[in-house]
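Everything below concerns the one structure shown next.
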Amino acid sequence: MAGEAHLSKSSRKFDPIVLPGARSLIFELCVSISAPSRYKFQQSKALAAITMALWMEAGSEPKTEKELADLVAISALKESTAFELKELGNEYVKKGKKHYSDAIDCYTRAINQNALSDAEQSILCSNRAHVNLLLGNYRRALQDAEDAIKLNPSNVKALYRAAKASVFLNLLAEAKGLCEKGLQHSSSNEELKKLARHIDIQKSEMERRDAEVSKAVSTAKTIVSAFETRGLKIAKPMYQELTGLRKPTLDKNNILHWAVLLLYPEACAGVCLSKRDILQYLLEGTAASHVEDFGDEESASARSSTKGSISQEDVPGWVKINEKTTLYNVLKEPSFVVPGLPVFWVVSRNSSFYKDFKSGNWSPPELA
């Protein structure tokens, strides 16, 4: 049973106290048998010292010089094991990606020995952060690097690796702060300087994108407001394979400008879009095309979607337009719904097709 040792039947039994770390040390010693020759220890002497520790009673202190020497030997062995595991981990890193998991295992076992100084433990954590960065485990890399910094705030490599992991996690402000701390300890460090410049570029790019998104959303909301003021009804865009991403614009004089599609010929009828849907249509193809939260537009969109509905019966199949009529007068007609952009079908009254068109025996073809 784990945690117990038993003498022969003729001897008395008792529960020994396992010295913290003794079991892991036995494991490392067993592993070392198959490790390179430089990684082997004097197993017989080490196991003898550990065996003594396993039989010590709870709360007892070493009573003889031999017992004290054995405990010191165990501590030294744990320290030696940690250093050997560190070196083995470094070798695995040099061997390439196939051995990165082995390197992490070695660094982890070395850390778990808890036998080294804070500075040395910091190096182990930083080394593991390095391998996690190489593997793309950025959250783990950041945690390892932060642990290394806690143990040794002046560990420049740990600061660099924490900053690099933060960049991959898009934590740019934190990354810049880590670079600045690193440069305080090593002002000539080129890697930190290069990373700091890269962070500045990324921050500027992010601020530029945020400004573009904000401007696009603001512009779209202004156009929606112009639609409402003019009493225009907007439906789902049609024939975008012909119109592309063309959309109405509003100039500084509050004048709406439309691209107009002329087809031969078409009918337009349907249900008006909500304010939210119109905003999404206007933002399509802009920097804000991914935006879903429009703030106060949410509740307004629900009201707009029901208020602007038009039944099929309300809309005539065709509405004849005088070519001299202004576009505004056409669009403001209660029965006219704009399918993204105004669509007009042009038909010659002198053609044989005109009768079929007016009688309703013709329907628009599907565009490929």
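Heads up: the sequence shown at position 213 corresponds to 213 in full-length UniProt numbering, and the numbers run straight through without jumps.
Where is the CB? At the ideal position from N, CA and C, for every residue including glycine.
Going by the beta-carbon positions, is the gap between residue i and residue j smaller than 7 Å?
i           : j           : result
residue 141 : residue 133 : yes
residue 175 : residue 187 : no
residue 135 : residue 106 : no
residue 172 : residue 201 : no
residue 90  : residue 122 : no
residue 341 : residue 249 : no
residue 331 : residue 232 : yes
residue 343 : residue 235 : no
residue 100 : residue 131 : yes
Please go through the same chain and pick out, in chain order, the residues whose beta-carbon is closer than 7 Å to the beta-carbon of residue i, but skip the five residues on each side of it.
i           : result
residue 352 : none
residue 38  : At residue 38, the pLDDT of 45 sits below 50, so the modelled position is not reliable; the number obtained from the coordinates is stated separately. Excluding positions up to five away in sequence, the list is empty.
residue 354 : 347 and 348
residue 164 : 133 and 195
residue 339 : 235, 236, 237, 238 and 268
residue 325 : none
residue 178 : 159, 162, 163 and 166
Does the beta-carbon of residue i have 16 or more other beta-carbons within 10 angstroms, so that it is buried, or is it exposed?
i           : result
residue 255 : exposed
residue 144 : buried
residue 268 : Because residue 268 sits at a pLDDT of 38, beneath the cut-off of 50, its placement in the model cannot be relied upon, and the following sentence gives the value as read from the coordinates. Buried, since its Cβ has 16 or more Cβ neighbours within 10 Å.
residue 259 : exposed
residue 185 : exposed
residue 162 : buried
residue 128 : buried
residue 334 : exposed
residue 146 : buried
Per DSSP, which residues does residue i bridge with? Please list them.
i           : result
residue 250 : 256
residue 234 : 338
Residues in its own chain within less than 6 Å of residue i by CB, not counting five upstream and five downstream?
i           : result
residue 12  : Residue placement at residue 12 is poorly supported in this model, since its pLDDT is 35, which falls under 50; the coordinates are not used for a value here.
residue 102 : 92
residue 47  : Residue placement at residue 47 cannot be trusted, given a pLDDT of 49 that sits under 50; what the coordinates show is reported in the next sentence. There are no such residues.
residue 361 : none
residue 85  : 106, 109 and 110
residue 328 : none
residue 148 : 122, 125, 126, 155 and 158
residue 207 : none
residue 203 : 172
Quick one: what's got a C-beta closer than 8 Å to residue i's C-beta in the same chain, skipping five residues either side?
i           : result
residue 169 : 138, 139 and 142
residue 251 : 257
residue 118 : 151 and 152
residue 356 : 362
residue 183 : 189, 192, 193 and 196
residue 230 : 256, 328, 331 and 332
residue 320 : none
residue 98  : none
residue 180 : 196
residue 27  : Legend: pLDDT at residue 27 = 45, less than 50; position of this residue unreliable, value from coordinates given subsequently. Same-chain partners within the cutoff: there are none.
If we require 4 or more residues per run, which alpha helix (DSSP H) segments fall completely within the segment 137-216?
138-151, 156-168 and 172-185
Going along the chain, which unbroken runs of the alpha helix (DSSP H) with 4 or more residues stay wholly within the segment 82-126?
100-112
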